[in-house]
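**Student:** In our numbering, the protein residues as written are 526 to 688.
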Amino acid sequence: MKKKVYIGALVTIFLAYVIYSLFNIPKVLEINTEYQTEAYKLNDSQFARKISVKLTGHYFLKTDQFKGTISINNKDYMSCLLSSGVGMICYDGGRTIYGQTYIGKDFKEITLEIESGQLYSNVSNNEPYTESLIISLPATDRNTSISLNNKLKDDYYNNLIKK
(Lines of atoms letter the chains of each structure in order from A; the text may use other names.)
(Lines give C-alpha, C1' and ligand atoms only; values in the text may rest on other atoms or scores of the structure.)
Protein backbone atom coordinates (compact mmCIF):
# COMPACT_ATOMS: atom_id res chain seq x y z
CA MET A 526 0.00 0.00 0.00
CA LYS A 527 2.80 2.46 0.89
CA LYS A 528 4.51 1.57 -2.39
CA LYS A 529 1.39 2.57 -4.41
CA VAL A 530 1.13 5.88 -2.56
CA TYR A 531 4.83 6.52 -3.14
CA ILE A 532 4.58 5.71 -6.88
CA GLY A 533 1.41 7.83 -7.16
CA ALA A 534 3.16 10.77 -5.52
CA LEU A 535 6.15 10.44 -7.85
CA VAL A 536 3.91 10.29 -10.93
CA THR A 537 1.98 13.36 -9.73
CA ILE A 538 5.18 15.32 -9.10
CA PHE A 539 6.58 14.28 -12.48
CA LEU A 540 3.39 15.33 -14.33
CA ALA A 541 3.31 18.65 -12.45
CA TYR A 542 6.93 19.28 -13.48
CA VAL A 543 6.20 18.46 -17.15
CA ILE A 544 3.16 20.76 -17.22
CA TYR A 545 5.07 23.56 -15.46
CA SER A 546 7.96 23.17 -17.92
CA LEU A 547 5.70 23.37 -20.96
CA PHE A 548 4.19 26.65 -19.82
CA ASN A 549 7.47 28.22 -18.73
CA ILE A 550 9.82 27.31 -21.56
CA PRO A 551 11.12 30.59 -22.95
CA LYS A 552 9.44 31.18 -26.28
CA VAL A 553 12.12 32.57 -28.56
CA LEU A 554 12.11 33.39 -32.27
CA GLU A 555 15.39 33.36 -34.13
CA ILE A 556 15.61 36.53 -36.23
CA ASN A 557 17.74 36.88 -39.35
CA THR A 558 16.02 39.33 -41.68
CA GLU A 559 17.08 42.08 -44.02
CA TYR A 560 15.05 45.01 -45.30
CA GLN A 561 15.56 47.66 -47.96
CA THR A 562 13.64 50.72 -46.86
CA GLU A 563 13.90 54.46 -46.32
CA ALA A 564 14.25 56.70 -43.29
CA TYR A 565 11.92 59.67 -43.04
CA LYS A 566 11.24 62.74 -40.97
CA LEU A 567 7.64 63.29 -39.97
CA ASN A 568 7.58 67.04 -40.70
CA ASP A 569 9.98 67.16 -43.64
CA SER A 570 8.42 65.59 -46.73
CA GLN A 571 11.63 66.23 -48.70
CA PHE A 572 13.75 64.06 -46.41
CA ALA A 573 14.14 60.42 -47.47
CA ARG A 574 17.27 58.27 -47.18
CA LYS A 575 17.51 54.80 -48.68
CA ILE A 576 18.87 52.36 -46.12
CA SER A 577 19.39 48.66 -45.59
CA VAL A 578 18.54 47.18 -42.21
CA LYS A 579 19.59 43.72 -41.08
CA LEU A 580 18.44 42.22 -37.78
CA THR A 581 20.25 39.17 -36.41
CA GLY A 582 19.44 37.79 -32.99
CA HIS A 583 16.56 36.51 -30.88
CA TYR A 584 13.10 37.83 -30.11
CA PHE A 585 11.75 36.80 -26.72
CA LEU A 586 7.97 36.52 -26.95
CA LYS A 587 7.33 36.59 -23.21
CA THR A 588 9.13 39.91 -22.68
CA ASP A 589 8.62 41.37 -26.19
CA GLN A 590 12.34 42.10 -26.53
CA PHE A 591 14.85 41.64 -29.33
CA LYS A 592 18.47 41.02 -28.40
CA GLY A 593 21.12 40.90 -31.10
CA THR A 594 22.91 42.84 -33.81
CA ILE A 595 21.37 45.58 -35.90
CA SER A 596 23.16 46.51 -39.09
CA ILE A 597 22.15 49.73 -40.83
CA ASN A 598 23.89 50.55 -44.10
CA ASN A 599 26.50 47.87 -43.28
CA LYS A 600 27.37 49.51 -39.96
CA ASP A 601 26.93 46.99 -37.16
CA TYR A 602 25.46 47.97 -33.81
CA MET A 603 26.33 45.09 -31.52
CA SER A 604 24.65 43.78 -28.37
CA CYS A 605 21.46 45.72 -28.94
CA LEU A 606 18.19 45.53 -27.10
CA LEU A 607 14.93 46.60 -28.72
CA SER A 608 12.01 46.84 -26.35
CA SER A 609 8.69 48.45 -27.22
CA GLY A 610 8.33 51.88 -25.68
CA VAL A 611 11.78 51.71 -24.10
CA GLY A 612 14.08 52.23 -27.03
CA MET A 613 17.04 50.97 -28.97
CA ILE A 614 19.87 50.45 -26.53
CA CYS A 615 23.24 49.07 -27.66
CA TYR A 616 26.13 47.98 -25.48
CA ASP A 617 29.10 48.34 -27.81
CA GLY A 618 31.91 49.56 -25.58
CA GLY A 619 29.36 51.37 -23.41
CA ARG A 620 25.63 51.94 -23.26
CA THR A 621 24.13 54.07 -26.03
CA ILE A 622 20.45 54.91 -26.38
CA TYR A 623 19.55 55.78 -29.97
CA GLY A 624 15.83 56.44 -29.70
CA GLN A 625 12.39 54.95 -29.22
CA THR A 626 11.25 51.56 -30.52
CA TYR A 627 7.77 50.17 -31.01
CA ILE A 628 7.28 46.51 -31.90
CA GLY A 629 4.26 44.71 -33.34
CA LYS A 630 3.08 41.21 -32.51
CA ASP A 631 5.74 38.52 -32.91
CA PHE A 632 8.27 41.06 -34.21
CA LYS A 633 6.59 41.24 -37.63
CA GLU A 634 6.43 45.04 -37.57
CA ILE A 635 8.96 47.44 -36.05
CA THR A 636 9.38 51.16 -36.01
CA LEU A 637 12.41 53.07 -34.76
CA GLU A 638 12.48 56.75 -33.95
CA ILE A 639 16.17 57.63 -34.10
CA GLU A 640 16.89 60.72 -32.06
CA SER A 641 20.62 60.99 -31.58
CA GLY A 642 24.09 59.57 -31.78
CA GLN A 643 26.21 58.05 -34.47
CA LEU A 644 23.24 56.18 -35.94
CA TYR A 645 21.41 59.47 -36.57
CA SER A 646 24.51 60.87 -38.29
CA ASN A 647 25.01 57.74 -40.39
CA VAL A 648 21.43 57.64 -41.64
CA SER A 649 20.99 61.40 -42.14
CA ASN A 650 24.37 61.82 -43.89
CA ASN A 651 25.58 64.04 -41.03
CA GLU A 652 22.70 66.52 -41.24
CA PRO A 653 22.13 68.41 -37.99
CA TYR A 654 19.31 67.14 -35.79
CA THR A 655 15.95 68.79 -36.43
CA GLU A 656 13.59 65.93 -35.55
CA SER A 657 13.56 62.16 -35.18
CA LEU A 658 14.21 59.87 -38.11
CA ILE A 659 11.52 57.26 -38.63
CA ILE A 660 12.46 53.80 -39.84
CA SER A 661 9.54 51.37 -40.11
CA LEU A 662 9.89 47.74 -41.08
CA PRO A 663 8.48 46.53 -43.37
CA ALA A 664 7.49 49.72 -45.15
CA THR A 665 7.85 50.57 -48.82
CA ASP A 666 7.14 54.28 -48.83
CA ARG A 667 6.84 57.37 -46.65
CA ASN A 668 3.08 57.09 -46.03
CA THR A 669 3.30 53.40 -45.09
CA SER A 670 6.25 54.09 -42.80
CA ILE A 671 4.51 56.94 -40.97
CA SER A 672 1.22 54.98 -40.75
CA LEU A 673 3.02 51.97 -39.30
CA ASN A 674 4.85 54.22 -36.83
CA ASN A 675 1.55 55.74 -35.68
CA LYS A 676 -0.18 52.35 -35.48
CA LEU A 677 2.54 50.72 -33.38
CA LYS A 678 2.74 53.71 -31.02
CA ASP A 679 -1.04 53.75 -30.62
CA ASP A 680 -1.07 49.99 -29.94
CA TYR A 681 1.66 50.37 -27.34
CA TYR A 682 -0.03 53.23 -25.47
CA ASN A 683 -3.49 51.63 -25.70
CA ASN A 684 -2.06 48.43 -24.14
CA LEU A 685 -0.57 50.51 -21.30
CA ILE A 686 -3.97 52.01 -20.57
CA LYS A 687 -5.59 48.53 -20.48
CA LYS A 688 -3.08 47.25 -17.90
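For glycine and all other residues, C-beta sits at the position ideal for the given N, C-alpha and C.
In the structure shown, what three-state DSSP assignment does Asp589 receive?
**Tutor:** Sequence index remark: in the sequence shown, residue 589 carries index 64 (1-based). Three-state DSSP puts Asp589 in coil, outside helix and strand.
**Student:** Tell me, please, whether the region 655-667 touches the region 629-639 by the rule of three or more beta-carbon pairs shorter than 8 Å.
**Tutor:** Yes: the two stretches touch, three or more of their Cβ pairs being nearer than 8 Å.
**Student:** I need the straight-line Cα distance from Ala664 to Thr562, nearest angstrom please.
**Tutor:** Taking the sequence shown and counting its residues from 1, one reaches residue 664 at position 139. Taking the sequence shown and counting its residues from 1, one reaches residue 562 at position 37. Going by the C-alpha atoms only, they are around 6 Å apart.
**Student:** Quick check: the Cα distance between Phe632 and Tyr584, rounded to an integer number of angstroms?
**Tutor:** Counted from its first residue, the sequence shown places residue 632 at position 107. Counted from its first residue, the sequence shown places residue 584 at position 59. The straight-line gap from Cα to Cα measures roughly 7 Å.
**Student:** Less than 8 Å between the C-beta atoms of Ile611 and Ile597, yes or no?
**Tutor:** On the sequence shown, position 86 is the one that residue 611 refers to. On the sequence shown, position 72 is the one that residue 597 refers to. Going by the sequence as given, residue 611 is Val instead of Ile. No, they are not a contact pair.
**Student:** In this structure, how does DSSP classify Gly642 when only helix, strand and coil are distinguished?
**Tutor:** Within the sequence shown, residue 642 is the residue found at index 117, counting from 1. If DSSP states are grouped into helix, strand and coil, Gly642 belongs with the helices.
**Student:** Could I get the ranges of all uninterrupted beta strand (DSSP E) runs contained in the region 630-686, with 3 residues as the minimum, in chain order?
**Tutor:** Counting whole runs of 3 or more residues, the region 630-686 contains the beta strand (DSSP E) stretches 635-639 and 658-662.
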